[in-house]
(Lines of atoms letter the chains of each structure in order from A and count residues from 1; the text may use other names and numbers.)
(Lines give C-alpha, C1' and ligand atoms only; values in the text may rest on other atoms or scores of the structure.)
Protein backbone atom coordinates (compact mmCIF):
# COMPACT_ATOMS: atom_id res chain seq x y z
CA UNK A 1 0.00 0.00 0.00
CA UNK A 2 1.18 3.55 -0.67
CA UNK A 3 2.37 5.79 2.12
CA UNK A 4 1.62 9.51 1.80
CA UNK A 5 2.87 12.70 3.41
CA UNK A 6 0.61 15.72 3.06
CA UNK A 7 2.77 18.85 3.06
CA UNK A 8 0.86 21.81 4.49
CA UNK A 9 2.97 24.65 3.15
CA UNK A 10 3.21 28.05 4.84
CA UNK A 11 -0.27 28.37 6.29
CA UNK A 12 1.18 31.07 8.53
CA UNK A 13 0.08 34.39 10.02
CA UNK A 14 2.23 36.43 7.61
CA UNK A 15 0.45 34.91 4.58
CA UNK A 16 -3.12 34.07 5.65
CA UNK A 17 -5.68 36.43 7.20
CA UNK A 18 -6.63 40.08 6.90
CA UNK A 19 -3.70 41.16 9.11
CA UNK A 20 -1.11 39.28 7.05
CA UNK A 21 1.51 41.67 5.59
CA UNK A 22 2.16 39.34 2.61
CA UNK A 23 -1.46 38.24 2.44
CA UNK A 24 -2.45 35.53 0.01
CA UNK A 25 -6.19 36.30 -0.26
CA UNK A 26 -6.99 32.80 -1.47
CA UNK A 27 -5.41 31.41 1.68
CA UNK A 28 -8.50 32.09 3.76
CA UNK A 29 -10.66 30.31 1.18
CA UNK A 30 -8.80 27.00 1.51
CA UNK A 31 -8.88 26.79 5.32
CA UNK A 32 -12.18 24.87 5.44
CA UNK A 33 -10.98 22.27 2.91
CA UNK A 34 -7.72 21.85 4.80
CA UNK A 35 -9.62 21.46 8.07
CA UNK A 36 -11.67 18.69 6.44
CA UNK A 37 -8.45 17.03 5.31
CA UNK A 38 -6.87 17.38 8.77
CA UNK A 39 -9.93 15.87 10.44
CA UNK A 40 -9.89 12.90 8.07
CA UNK A 41 -6.16 12.23 8.54
CA UNK A 42 -6.35 12.59 12.31
CA UNK A 43 -9.32 10.19 12.52
CA UNK A 44 -7.44 7.36 10.80
CA UNK A 45 -6.10 4.46 12.87
CA UNK A 46 -2.79 4.11 11.03
CA UNK A 47 0.08 6.25 9.79
CA UNK A 48 -0.08 5.59 6.05
CA UNK A 49 -1.13 9.23 5.57
CA UNK A 50 0.74 11.80 7.63
CA UNK A 51 0.44 15.57 7.98
CA UNK A 52 3.75 17.41 7.70
CA UNK A 53 3.60 21.12 8.52
CA UNK A 54 6.00 23.31 6.54
CA UNK A 55 6.93 26.53 8.30
CA UNK A 56 8.84 29.36 6.67
CA UNK A 57 11.23 30.60 9.36
CA UNK A 58 13.80 33.08 8.09
CA UNK A 59 16.79 34.53 9.83
CA UNK A 60 16.65 38.31 10.20
CA UNK A 61 19.09 39.00 7.35
CA UNK A 62 17.97 36.16 5.10
CA UNK A 63 18.99 36.30 1.45
CA UNK A 64 15.32 35.92 0.53
CA UNK A 65 14.79 39.50 1.68
CA UNK A 66 16.95 40.78 -1.18
CA UNK A 67 14.06 40.00 -3.53
CA UNK A 68 11.00 39.92 -1.25
CA UNK A 69 9.74 42.00 1.71
CA UNK A 70 10.79 40.87 5.18
CA UNK A 71 8.40 38.13 6.34
CA UNK A 72 8.09 35.02 8.50
CA UNK A 73 11.14 35.70 10.65
CA UNK A 74 11.84 32.73 12.91
CA UNK A 75 10.18 33.08 16.31
CA UNK A 76 7.84 35.88 15.21
CA UNK A 77 4.04 35.93 15.15
CA UNK A 78 4.19 36.02 11.37
CA UNK A 79 6.12 32.76 11.18
CA UNK A 80 3.63 30.93 13.40
CA UNK A 81 0.85 28.71 12.07
CA UNK A 82 -2.65 30.14 11.81
CA UNK A 83 -4.76 28.95 14.77
CA UNK A 84 -7.27 27.12 12.55
CA UNK A 85 -4.58 24.77 11.20
CA UNK A 86 -2.24 24.36 14.15
CA UNK A 87 -0.14 21.18 14.33
CA UNK A 88 -1.21 18.57 16.88
CA UNK A 89 0.53 15.77 18.75
CA UNK A 90 3.57 14.35 17.01
CA UNK A 91 2.82 15.78 13.55
CA UNK A 92 6.16 16.68 12.03
CA UNK A 93 7.19 20.30 11.48
CA UNK A 94 9.82 21.29 8.92
CA UNK A 95 11.22 24.81 9.04
CA UNK A 96 12.51 26.24 5.77
CA UNK A 97 14.27 29.38 4.56
CA UNK A 98 13.78 28.90 0.83
CA UNK A 99 10.75 28.35 -1.40
CA UNK A 100 11.06 24.58 -1.49
CA UNK A 101 10.33 22.54 1.62
CA UNK A 102 13.23 20.29 0.54
CA UNK A 103 15.91 22.99 0.18
CA UNK A 104 18.46 22.65 3.02
CA UNK A 105 15.95 20.92 5.35
CA UNK A 106 15.63 17.38 6.70
CA UNK A 107 12.32 16.74 4.91
CA UNK A 108 13.73 14.13 2.52
CA UNK A 109 15.41 12.29 5.41
CA UNK A 110 12.16 12.28 7.39
CA UNK A 111 10.15 10.96 4.43
CA UNK A 112 12.65 8.16 3.79
CA UNK A 113 12.69 7.19 7.47
CA UNK A 114 8.89 6.94 7.32
CA UNK A 115 8.98 4.96 4.03
CA UNK A 116 6.85 7.63 2.32
CA UNK A 117 6.51 7.16 -1.45
CA UNK A 118 4.00 9.91 -2.30
CA UNK A 119 4.09 13.61 -1.46
CA UNK A 120 0.81 15.56 -1.45
CA UNK A 121 1.19 19.34 -1.73
CA UNK A 122 -1.17 21.92 -0.24
CA UNK A 123 -0.89 25.50 1.03
CA UNK A 124 0.41 28.80 -0.32
CA UNK A 125 1.47 30.03 -2.85
CA UNK A 126 0.54 27.53 -5.58
CA UNK A 127 2.93 29.05 -8.11
CA UNK A 128 5.86 29.58 -5.74
CA UNK A 129 6.45 27.48 -2.60
CA UNK A 130 3.93 24.77 -3.49
CA UNK A 131 5.31 24.34 -7.00
CA UNK A 132 8.93 24.51 -5.82
CA UNK A 133 8.28 21.84 -3.19
CA UNK A 134 6.49 19.63 -5.71
CA UNK A 135 9.35 20.01 -8.19
CA UNK A 136 11.90 18.94 -5.61
CA UNK A 137 9.69 16.06 -4.50
CA UNK A 138 9.77 14.76 -8.07
CA UNK A 139 13.54 15.34 -8.24
CA UNK A 140 13.86 13.14 -5.16
CA UNK A 141 11.82 10.39 -6.90
CA UNK A 142 8.55 10.78 -5.00
CA UNK A 143 5.17 10.52 -6.66
CA UNK A 144 3.40 13.87 -6.29
CA UNK A 145 -0.26 14.86 -5.87
CA UNK A 146 -1.56 18.43 -5.82
CA UNK A 147 -4.85 19.15 -4.05
CA UNK A 148 -6.22 22.00 -6.13
CA UNK A 149 -8.79 23.28 -3.62
CA UNK A 150 -6.24 23.15 -0.79
CA UNK A 151 -3.76 25.46 -2.55
CA UNK A 152 -3.98 29.19 -3.23
CA UNK A 153 -2.00 32.11 -4.63
CA UNK A 154 -2.08 35.90 -4.48
CA UNK A 155 -4.44 35.94 -7.47
CA UNK A 156 -6.64 33.34 -9.14
CA UNK A 157 -4.57 33.73 -12.32
CA UNK A 158 -1.38 32.86 -10.43
CA UNK A 159 -3.14 29.88 -8.84
CA UNK A 160 -4.43 28.52 -12.15
CA UNK A 161 -1.09 29.02 -13.89
CA UNK A 162 0.59 27.18 -11.03
CA UNK A 163 -1.86 24.30 -11.34
CA UNK A 164 -1.22 24.08 -15.08
CA UNK A 165 2.52 23.74 -14.47
CA UNK A 166 1.92 21.21 -11.70
CA UNK A 167 -0.37 19.14 -13.92
CA UNK A 168 2.61 18.24 -16.10
CA UNK A 169 4.21 16.12 -13.38
CA UNK A 170 1.70 15.69 -10.54
CA UNK A 171 -1.82 14.32 -10.12
CA UNK A 172 -4.28 17.19 -9.70
CA UNK A 173 -7.20 16.27 -7.41
CA UNK A 174 -9.65 17.90 -5.03
CA UNK A 175 -9.65 17.13 -1.33
CA UNK A 176 -12.88 15.13 -1.70
CA UNK A 177 -11.50 13.11 -4.63
CA UNK A 178 -8.36 12.35 -2.66
CA UNK A 179 -10.25 11.15 0.41
CA UNK A 180 -12.71 9.12 -1.69
CA UNK A 181 -9.87 7.32 -3.47
CA UNK A 182 -8.43 6.19 -0.14
CA UNK A 183 -11.86 5.17 1.13
CA UNK A 184 -12.32 3.02 -2.00
CA UNK A 185 -8.93 1.36 -1.46
CA UNK A 186 -7.46 3.00 -4.56
CA UNK A 187 -4.04 4.62 -4.93
CA UNK A 188 -4.95 8.31 -5.45
CA UNK A 189 -1.80 8.95 -7.49
CA UNK A 190 -2.67 6.55 -10.33
CA UNK A 191 -2.92 8.46 -13.60
CA UNK A 192 -0.74 11.30 -12.35
CA UNK A 193 1.44 13.45 -14.57
CA UNK A 194 1.26 14.03 -18.29
CA UNK A 195 2.66 10.86 -19.79
CA UNK A 196 1.03 11.61 -23.17
CA UNK A 197 2.14 15.27 -23.33
CA UNK A 198 -1.41 16.62 -23.46
CA UNK A 199 -1.02 19.69 -21.22
CA UNK A 200 -1.14 22.91 -23.26
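Numbering (this note's numbering), first residue to last: 1 to 200.
Note that beta-carbon positions come from the ideal geometry of N, C-alpha and C, so glycine has one too.
Could you give the distance in angstroms between the alpha-carbon of residue 86 and the alpha-carbon of residue 80? If you number the chain shown from 1, residue 86 lands on position 86. If you number the chain shown from 1, residue 80 lands on position 80. Approximately 9 Å between the Cα atoms of the pair.
Could you check where the beta strand (DSSP E) with residue 56 kicks off and where it finishes? Translated into the one-based positions of the chain shown, residue 56 becomes position 56. Annotation: the continuous beta strand (DSSP E) that includes residue 56 extends over 49–56.
DSSP three-state call for residue 26: helix, strand or coil? Residue numbering aside, residue 26 sits at position 26 when the chain shown is read from its first letter. Helix.
Report yes if the CB atom of residue 148 is closer than 8 Å to the CB atom of residue 199, and no otherwise. One-based indexing of the chain shown puts residue 148 at position 148. One-based indexing of the chain shown puts residue 199 at position 199. The Cβ atoms of residue 148 and residue 199 do not sit closer than 8 Å to each other.
The beta strand (DSSP E) spanning residue 148 covers which residue range? Here residue 148 is taken as the residue at index 148 of the chain shown, counted from 1. Judged by DSSP secondary structure, residue 148 falls within the beta strand (DSSP E) whose first and last residues are 143–152.
Three-state secondary structure assigned by DSSP to residue 72: Reading the chain shown from its first residue, position 72 is the one you call residue 72. DSSP, reduced to helix, strand and coil, places residue 72 outside both helices and strands of the structure shown, so it counts as coil.
Return yes when the Cβ of residue 14 is within less than 8 Å of the Cβ of residue 53, no when it is not. Working through the chain shown from its first residue, we reach residue 53 at position 53. Working through the chain shown from its first residue, we reach residue 14 at position 14. Taking 8 Å as the Cβ cut-off, residue 53 and residue 14 do not qualify as a contacting pair.
Separation of residue 164 from residue 127, as counted between CA atoms: Counted from its first residue, the chain shown places residue 127 at position 127. Counted from its first residue, the chain shown places residue 164 at position 164. One Cα belongs to residue 127, the other to residue 164, and the distance between them is close to 10 Å.
Going by alpha carbons, who is nearest to residue 195 out of 182, 34, 170, 174? Locating residue 195 in the chain shown gives position 195, where the first residue counts as 1. The shortest C-alpha to C-alpha distance from residue 195 to any of 182, 34, 170, 174 is the one to 170.
For residue 188, count neighbouring Cβ atoms within 10 angstroms of its own Cβ and tell me buried if that reaches 16, exposed if not. For the purposes of this step, residue 188 is taken as residue 188 along the chain shown, with counting starting at 1. With 16 or more other Cβ atoms from the protein chains shown falling within 10 Å of its own Cβ, residue 188 counts as buried.
Quick check on residue 158: does DSSP put it in helix, strand or coil? Start at 1 with the first residue of the chain shown, and residue 158 comes out as number 158. Annotated three-state conformation of residue 158 is helix, per DSSP.
First and last residue of the alpha helix (DSSP H) that includes residue 67? The count along the chain shown starts at 1 and reaches residue 67 at position 67. Here residue 67 belongs to no alpha helix (DSSP H), and DSSP marks it neither H nor E.
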